[in-house]
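Protein sequences, first through last, are from chains B and R. For the first sequence, counting from 1, position 83 maps to 83 in my numbering; every step adds exactly one. Numbers in my numbering are just positions in the second sequence, counted from 1, shifted up by 197. Glycine included, each C-beta is placed from N, C-alpha and C at the ideal position.
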Amino acid sequence: MFEGPIQDLIDELSRLPGIGPKSAQRLAFHLVKVPADEARRLAGAIVAAKEKVRFCRECFAVSEGDLCRVCRDPGRDPSVICVVEESKDQAAVEKAGVVKGRYHVLGGAISPLEGIGPDDLRVQELLDRVARDGVAEVILATNPNLEGNATAMYVAGLLKPLRVRVTRLASGLPVGGDLEYADEVTLGQALEGRREM
Amino acid sequence: MPVYKEQGIVLRAVKLGEADKIVTILTQGSGKVRAVAKGIRRTRSRFGARLEPFTHVSLLLYRGRSLDTVTQAEIVSPFTTVRADLGLIAAGETMVEAADKVAEEHERNVQLFLLLLGGLRSLEARPADPAAVAECYLAKLLSLSGFHPSLGACAVCGAAGPHASFSAGQGGSVCDACRGPEAGRVAPEAVAWLGGLARARLAEAGAMTPPFPVRREARAMLYGFVEYHLERRMRSFALLARQPESAPRPQPAAAL
């Protein structure tokens, strides 16, 4: 146990995810040793992030203002919505540069074992957007695992009556992978989704 | 022997660190095993879909101090149909959650393994009512764990039924003389249907759909009984209870 501010700093740091008491102590002593302006920059970045980062009121991605960069961009096709689980998934899809439309962040996936049901996700907001904005296609880009697939099926079931085209990300072999190491589920899906050449 | 071979069914997988997962597997010979699958979340992981929940796999594991490590995995049966329909997923999730709660780590329980395998196989056959298969499975799981509900004679005095009260704490149907303060009034049809479900084979359970009020009451009894005796809240009941009446059932081909 230390006294005063250093112990307070250790206590605060040890509340962060993945940081145990020993790591917290190491970080705290590092921060005490660094020049004052470096420490101030870190403190400033934390405060600024907490104050400025909000969720976009349209798509619920993390954003600096009321609307995120994508929703603000008039060049984006408003008739296509790509649905993802988390903001970091949106960043990954955006990096691929293929989606010309907008996004919708659900905030997770249906997982009965973790107690996350459909009502805990931003599904109603998606349905409202689709009905309001005359959306033509919804791309379901949830993770290709059990929870992600369950979520995609649930959302697809609700979208169908709205007469909108619903598509799901293809599943198959990773680029650069080896066929002999592919498992039968993945390979089966790759074969089902094969294309004419 | 630090490396061992096992076959089992993947019950659940939780994220660990940057790209790993901890998978919980109900094995045939070693009970419940918790093992780390390294790098499984990377798209180019050699595990691919092999350690997704519901998959029946054959494994090579490395025994560790608290957690084992999966070194190789081969699919025995992927249960792809179960994975492609929300109603089947809800039923399957209930099965694996209940098995997870009953199974003990490294304690051999072949009957439980076979029950779960049978349950998933019944779901794979696309039953008309997947939730009923899961409920039949739960009744069998209770019997296997020593909590078989009394659904005819009074659970306390043994007086021949049918009786109009049901109490999870007292062990099932109770007569008017024995009923405790927490016992609830139930329709005899619901008790009779539950009794039939408990006796039915897993593969047949999906075809025995009773009138809606009977089903609803029987469900409430069964779910309450399961949670009381497993001493846990069953999270998957919330999704299972929505089946099959209210949740949409999209075509699996469109959702894949």
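Pick from the options that is closest to residue i, judged by C-alpha positions
i: residue 394 of chain R; options: R/351, R/213, R/326, R/355; result: R/326
i: residue 12 of chain B; options: B/4, B/24, B/3; result: B/24
i: residue 143 of chain B; options: R/245, R/228, R/235; result: R/245
i: residue 151 of chain B; options: R/402, R/204, R/436, R/343; result: R/436
i: residue 311 of chain R; options: R/429, R/239, R/334; result: R/334
i: residue 455 of chain R; options: R/238, R/342, R/407; result: A query on residue 455 of chain R cannot be resolved here, the shown segment of chain R reaching from 198 to 453 and no further.
i: residue 361 of chain R; options: R/318, R/414, R/425; result: R/414
i: residue 179 of chain B; options: R/287, R/375, R/242; result: R/242
i: residue 417 of chain R; options: R/390, R/215, R/317, R/399; result: R/390
i: residue 396 of chain R; options: R/298, R/204, R/330, R/296; result: R/330
i: residue 298 of chain R; options: R/438, R/439, R/430; result: R/430
i: residue 195 of chain B; options: B/177, B/170, B/183; result: B/170
i: residue 384 of chain R; options: R/270, R/412, R/268, R/229; result: R/412
i: residue 317 of chain R; options: R/307, R/202, R/264, R/289; result: R/289
i: residue 81 of chain B; options: B/7, B/141, B/184; result: B/141
i: residue 118 of chain B; options: B/19, B/99, B/67, B/154; result: B/154
i: residue 304 of chain R; options: R/209, R/199, R/210, R/226; result: R/226
i: residue 400 of chain R; options: R/320, R/214, R/307, R/422; result: R/320
i: residue 121 of chain B; options: B/106, B/193, B/49, B/135; result: B/106
i: residue 263 of chain R; options: R/296, R/307, R/199; result: R/199
i: residue 425 of chain R; options: R/214, R/204, R/380, R/293; result: R/380
i: residue 193 of chain B; options: B/182, B/181, B/172, B/183; result: B/172
i: residue 4 of chain B; options: B/77, B/40, B/32, B/17; result: B/32
i: residue 332 of chain R; options: R/405, R/247, R/203; result: R/405
i: residue 347 of chain R; options: R/388, R/328, R/204; result: R/388
i: residue 138 of chain B; options: B/84, B/30, B/177, B/54; result: B/84
i: residue 135 of chain B; options: B/17, B/93, B/76; result: B/76
i: residue 146 of chain B; options: B/30, B/17, B/109; result: B/109
i: residue 392 of chain R; options: R/336, R/374, R/265; result: R/336
i: residue 86 of chain B; options: B/104, B/97, B/73; result: B/104
i: residue 181 of chain B; options: R/296, R/315, R/240; result: R/240
In DSSP terms, what residue i is bridged to
i: residue 104 of chain B; result: B/83
i: residue 205 of chain R; result: R/224, R/254
i: residue 55 of chain B; result: B/62
i: residue 266 of chain R; result: R/233, R/259
i: residue 217 of chain R; result: R/213
i: residue 200 of chain R; result: R/259
i: residue 166 of chain B; result: B/138
i: residue 460 of chain R; result: Since the first and last residues shown for chain R are 198 and 453, residue 460 of chain R lies out of range.
i: residue 111 of chain B; result: B/116
i: residue 347 of chain R; result: R/369
i: residue 302 of chain R; result: R/228, R/229
Close Cβ partners of residue i (< 6 Å) along its chain, the five nearest in sequence each way excluded
i: residue 451 of chain R; result: The pLDDT assigned to residue 451 of chain R is 36, lower than 50, so where the model puts this residue is not dependable, and the model offers no usable value.
i: residue 191 of chain B; result: none
i: residue 206 of chain R; result: 223, 253, 313
i: residue 434 of chain R; result: 420
i: residue 428 of chain R; result: none
i: residue 372 of chain R; result: 351, 356, 360
i: residue 358 of chain R; result: 349, 350, 370
i: residue 238 of chain R; result: 216
i: residue 27 of chain B; result: 13
i: residue 229 of chain R; result: 223, 300, 302
i: residue 167 of chain B; result: 139
i: residue 403 of chain R; result: 324, 325, 326, 329, 330
i: residue 10 of chain B; result: 24, 25, 28
Cβ shell of residue i (< 8 Å), same chain only, five flanking positions each side left out
i: residue 448 of chain R; result: Reliability of the predicted coordinates at residue 448 of chain R is poor, the pLDDT of 38 falling under 50, and the value obtained from them is presented with this limitation in mind. None.
i: residue 323 of chain R; result: 278, 282, 285
i: residue 445 of chain R; result: Legend: pLDDT at residue 445 of chain R = 37, less than 50; position of this residue unreliable, value from coordinates given subsequently. So the qualifying residues of the chain are 283.
i: residue 79 of chain B; result: 101, 133, 134, 135, 136, 137
Sequence-distant residues of its chain with Cβ nearer than 7 Å to residue i (five each side left out)
i: residue 71 of chain B; result: 56, 58, 59, 102
i: residue 345 of chain R; result: 339
i: residue 88 of chain B; result: none
i: residue 201 of chain R; result: 258, 260
i: residue 270 of chain R; result: 244, 247, 248, 254, 256
Counting only runs of 4+ residues fully inside the region 355–391 of chain R, write out the alpha helix (DSSP H) ranges in chain order. You should have found no qualifying run.
Flag this pair as touching only if the region 248–266 of chain R and the region 275–284 of chain R have three or more C-beta atom pairs under 8 Å; answer yes or no. Contact holds: three or more Cβ-Cβ distances are below 8 Å.
Taking 8 Å as the cut-off, does the region 181–190 of chain B touch the region 260–275 of chain R (at least 3 CB pairs, one atom from each stretch)? Touching, per the Cβ criterion.
Do the region 202–221 of chain R and the region 229–236 of chain R touch if we need at least three Cβ pairs shorter than 8 Å? Touching, yes, given that three or more Cβ pairs across the two stretches are closer than 8 Å.
Could you pull out every unbroken alpha helix (DSSP H) segment of at least 4 residues lying fully inside the region 396–445 of chain R, listed in chain order? Runs of the alpha helix (DSSP H) lying entirely within the region 396–445 of chain R, each at least 4 residues long, are 399–402, 409–427, 434–437 in chain order.
Would you call the region 152–164 of chain B and the region 124–135 of chain B touching, i.e. three or more CB-CB distances under 8 Å? Yes: the two stretches touch, three or more of their Cβ pairs being nearer than 8 Å.
Suppose only complete runs of 4+ residues qualify. What are the alpha helix (DSSP H) ranges in the region 301–337 of chain R, listed by chain order? If we require 4 residues or more, the alpha helix (DSSP H) runs fully inside the region 301–337 of chain R come out as 307–321.
At 3 residues or longer, what runs of the beta strand (DSSP E) sit wholly inside the region 147–194 of chain B? Every beta strand (DSSP E) of 3 residues or more that sits fully in the region 147–194 of chain B is shown, in chain order, as 165–168.
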